[in-house]
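Undergrad: Sending over a structure as structure tokens; questions will come in a sec.
In the UniProt record's numbering, the protein residues as written are 1 to 205.
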């Protein structure tokens with residue numbers, strides 16, 4: 001728990017100057033997720049309207065305005081979702097780039113204050129790996145995980161809300177799988193951390 005708090009304080013220190021960009025990213029994630037949740041509802045309506053159009057066409061009535069209207073709305077939702085997803089990924093990548101660049105500058109400034117004994121007791125590969133491997137791992141994690149985590153958390157709760165709205169039993173069945181999913185995620189994260197720790201000395205050499 002102490003390591004988690006330290007990590008949160010560390011990232012907060014470097015992300016704080018860009019909190020406006022981060023806040024805008026969260027808003028865009030919520031918007032994009034909302035569009036992703038709404039779009040399937042209109043897809044179902046589009047199929048229903050297409051079926052109704054086919055039925056009416058057999059009766060001699062050629063009115064596809066309702067179907068075109070629903071399909072147009074569906075296209076707008078997908079377009080807005082794509083734009084919002086692109087925008088929040090772009091913002092998060094910018095934030096990540098600025099934050100990790102400051103990390104490198106801070107790390108270099110820290111190295112300049114260390115005594116000669118530190119450099120005598122640490123290999124060049126170990127020191128360089130902190131600039132390359134460690135910072136790159138942070139950059140990749142923030143680029144790939146930050147947006148995905150926010151989007152998936154919001155999407156999860158949005159889907160649960162819609163499922164409770166449509167069918168309570170289905171929502172309860174889905175909720176029952178959450179503990180299993182969390183256990184699997186925890187297991188794979190621990191394995192990943194173990195492999196990183198195992199590979200770090202090899203990178204240093």
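Note that beta-carbon positions come from the ideal geometry of N, C-alpha and C, so glycine has one too.
Using the three-state DSSP reduction, which class does residue 204 fall into: helix, strand or coil?
TA: The count along the chain shown starts at 1 and reaches residue 204 at position 204. Because the pLDDT at residue 204 is just 49, under 50, the model does not fix this residue reliably, and the point stays unresolved.
Undergrad: Just how far apart, CA to CA, sit residue 157 and residue 31?
TA: In the chain shown, counting from the first residue as 1, residue 157 sits at position 157. In the chain shown, counting from the first residue as 1, residue 31 sits at position 31. Cα to Cα, residue 157 sits roughly 14 Å from residue 31.
Undergrad: Within 10 angstroms of its Cβ, does residue 41 collect 16 or more other Cβ (buried), or is it exposed?
TA: For this step, residue 41 is matched to residue 41 along the chain shown. Exposed, since its Cβ has fewer than 16 Cβ neighbours within 10 Å.
Undergrad: Less than 8 Å separating the beta-carbons of residue 70 and residue 150?
TA: For this step, residue 70 is matched to residue 70 along the chain shown. For this step, residue 150 is matched to residue 150 along the chain shown. No, Cβ-Cβ distance for residue 70 and residue 150 is not below 8 Å.
Undergrad: With distance defined between alpha-carbon atoms, name the residue in 74, 72, 49, 73 nearest to residue 62.
TA: Reading the chain shown from its first residue, position 62 is the one you call residue 62. Among 74, 72, 49, 73, the Cα nearest to that of residue 62 belongs to 49.
Undergrad: Between which two residues does the alpha helix (DSSP H) containing residue 123 stretch?
TA: Along the chain shown, read from residue 1 onward, the residue named residue 123 stands at position 123. Counting along the chain, residue 123 falls outside any alpha helix (DSSP H), and DSSP gives it neither H nor E.
Undergrad: If we cut at 8 Å on Cβ distances, does residue 83 have a partner in chain D?
TA: The displayed structure is made up of one protein chain only, and chain D is not part of it.
Undergrad: Can you find the residues in the same chain that come closer than 8 Å, C-beta to C-beta, to residue 103, ignoring five residues on each side of it along the sequence?
TA: In the chain shown, counting from the first residue as 1, residue 103 sits at position 103. Result list for residue 103: 14, 135, 138, in chain order.
Undergrad: What is the DSSP secondary structure of residue 136, counted as helix, strand or coil?
TA: Locating residue 136 in the chain shown gives position 136, counting from the first residue. If DSSP states are grouped into helix, strand and coil, residue 136 belongs with the helices.
Undergrad: How would you write the range of the alpha helix (DSSP H) that residue 39 sits in, first residue to last?
TA: Locating residue 39 in the chain shown gives position 39, counting from the first residue. 19-58 is the extent of the alpha helix (DSSP H) around residue 39.
Undergrad: Report the rounded CA-to-CA distance for residue 66 versus residue 51, giving the unit in angstroms.
TA: As a working mapping, residue 66 is identified with position 66 in the chain shown. As a working mapping, residue 51 is identified with position 51 in the chain shown. Approximately 11 Å, taken between the alpha carbons.
Undergrad: Is it buried or exposed, residue 142, if we count other Cβ atoms within 10 angstroms and call 16 or more buried?
TA: The sequence position of residue 142 within the chain shown is 142, counting from 1. Buried is the call here.
Undergrad: Please report how far the alpha carbon of residue 173 lies from the alpha carbon of residue 160, in whole angstroms.
TA: Position 173 of the chain shown, counting from 1, holds the residue named residue 173. Position 160 of the chain shown, counting from 1, holds the residue named residue 160. Roughly 11 Å separates the two Cα atoms.
Undergrad: Quick one, are the C-beta atoms of residue 39 and residue 78 less than 8 Å apart?
TA: Along the chain shown, one-based indexing puts residue 39 at 39. Along the chain shown, one-based indexing puts residue 78 at 78. Against a cut-off of 8 Å, the Cβ pair of residue 78 and residue 39 comes out as a contact.
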